[in-house]
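**Student:**
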Amino acid sequence: MRDADGRTYLDMTSGQGVALLGHSHPRIVEAIQRQAERLITCPEIFYNDQRARLLERLAEHTPEGLTRYFLCNSGAEAVEGAMKLARMVTGRKQILAAQRGFHGRTLGALSATWNPRFRDPFLPLLPGVMHISYEDIGAAERAISASTAAVILEVIQGEGGVHPASLEFLTAVRDLCSKRGALLILDEVQTGLGRTGAWFACDAMGIQPDVLCLGKGIAGGLPMGVVCWSESLGRMKEGSHGSTLGGNPLACAAALATLDVLEEEDLPNRSHALGERLLKEFGGANHPLVREIRGRGLMIGIDLRQRVTPALKGLMTRGVLALPAGPTVLRLLPPLIVQQSELDHVRQAIFEVLEEINDGRDVD
Ligand SMILES: *Cc1c(COP(=O)(O)O)cnc(C)c1O
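Numbering (numbering that gives the first Met the number 0), first residue to last: 0 to 363.
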């Protein structure tokens, strides 16, 4: 990536987790060009070959049994669809979400998002949405009841600071949902499609959701969200939900090309291998400014003992773009096609910047 002054950068943000294959990957560009000449828009009431092919291909990868899909245009929209589906299927109103969770900024999704900074200007939000402490099995046990329509969780909280859920917590929530008739919605908008070293983070943990939300990189940078749900929940009633642009052939063609490259280059496994190595190298370093390093695959959070902004600025002057995740966490979401040598360079740059901060030198 190049800025207006011609300086080059390594983008360890993937444009907020979207550019799984980097920017303007030739296969995505070609798919968009080809499809743009054939058909750009097609309302969902009509058949569209690109959408039909995409649904078949998604079914090859999404967790077993999740064979129903709704295509929309963003992660927040996928969460909206999942919340409506849960209310409709269960006839219940209550949705449980987690503290520190992030699910998007439309009013329904924002109701499930926790951070008061995003919520407070828009109160009151949807009634019946409550937040329990992430990782607190006792709280889940007390909160999930016969009034609960769904529990919505990220498998690894992204915006909230790169916090992976433990297998114990997810297993307990899965069991409680099954016992009490609530749906488990997993929001894999950020963790999905190879990001965490598996096609989906829930697969790697063996947790089966009833509903799965996807978004961010699924269409190679074009807007797309997907709600996937279990066959046994049935269809949404005719006319109860819809999207004019959802599943348009252009976005579907880009998504098909994205899936092709993820498969052909075995990027989920590659993400696993690169991430393991990076975590090991970081972990061995034991820097005084680093409180903890968390993550899986190519979703990594470096929790600092101070605010993260100076480190992000220092990295930028060294040509590395990284993200914050909360006030103290430096988040890396590199494209899954990143080279080992580039990750070595980034690791080096991070340690140089931390050294400068530690020495009290000005990093700006
Ligand atoms: C980014 C994100 C969303 C929202 O996606 P948008 O496309 O910005 O609406 C929802 N959930 C999670 C976990 C995300 O990371």
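Here a beta-carbon is modelled for each residue, glycine too, at the ideal position from N, C-alpha and C.
Counting Cβ pairs closer than 8 angstroms, one from the segment 242 to 254 and one from the segment 212 to 230, do we hit at least three?
**Tutor:** yes
**Student:** Could you check if residue 72 is buried or exposed, using at least 16 other CB atoms within 10 Å of its CB as the buried criterion?
**Tutor:** buried
**Student:** What number of angstroms, rounded off, separates the C-alpha of residue 151 from the C-alpha of residue 359?
**Tutor:** 42 angstroms
**Student:** Which residue or residues does DSSP assign as beta-bridge partners of residue 69?
**Tutor:** 226
**Student:** In the DSSP assignment, what residue or residues form a beta bridge with residue 156?
**Tutor:** 162
**Student:** Within the same chain, show all residues whose beta-carbon is closer than 8 angstroms to that of residue 236, passing over the 5 residues directly before and after it, in chain order.
**Tutor:** Sequence-distant partners of residue 236 (beyond 5 residues in either direction) whose C-beta falls short of 8 angstroms from its own C-beta, in its chain, are 87.
**Student:** Taking 8 angstroms as the threshold (C-beta atoms), are residue 74 and residue 103 in contact?
**Tutor:** Yes.
**Student:** Got a sec, what are the start and stop residues for the beta strand (DSSP E) residue 183 sits in?
**Tutor:** 182 to 186
**Student:** On a Cα-Cα basis, can you pick out the residue from 134, 182, 339 that is closest to residue 146?
**Tutor:** Measuring C-alpha to C-alpha distances from residue 146 to each of 134, 182, 339 identifies 182 as the nearest.
**Student:** Taking its Cβ as the centre, do 16 or more other Cβ atoms sit within 10 Å of residue 217, making it buried, or is it exposed?
**Tutor:** buried
**Student:** May I ask which residues mark the beginning and end of the alpha helix (DSSP H) holding residue 344?
**Tutor:** 339 to 357
**Student:** List the whole-angstrom C-beta distance separating residue 208 from residue 185, where the pair is believed to meet the contact cut-off of C-beta under 8 angstroms.
**Tutor:** 4 angstroms
**Student:** Who are the near neighbours of residue 281 in its chain, counting only those whose CB is closer than 6 angstroms to its CB and skipping five residues on each side?
**Tutor:** 292
**Student:** Mind checking which residues open and close the beta strand (DSSP E) that includes residue 299?
**Tutor:** 298 to 303
**Student:** Hey, how far is the Cα of residue 129 from the Cα of residue 143?
**Tutor:** 10 angstroms
**Student:** Just to check my reading of the structure: residue 10 and residue 320 have Cβ atoms closer than 8 angstroms, yes? What is that Cβ distance to the nearest angstrom?
**Tutor:** 5 angstroms
**Student:** Please name the residue, chosen from 298, 259, 63, 202, that lies closest to residue 342 on a Cα-to-Cα basis.
**Tutor:** Looking only at 298, 259, 63, 202, the smallest Cα-Cα distance to residue 342 is reached by 298.
**Student:** Residue 110 to residue 100, Cα distance in whole Å?
**Tutor:** 11 angstroms
**Student:** Any heavy atom of ligand 1 closer than 7 angstroms to the beta-carbon of residue 75?
**Tutor:** Result yes, Cβ under 7 angstroms from ligand 1.
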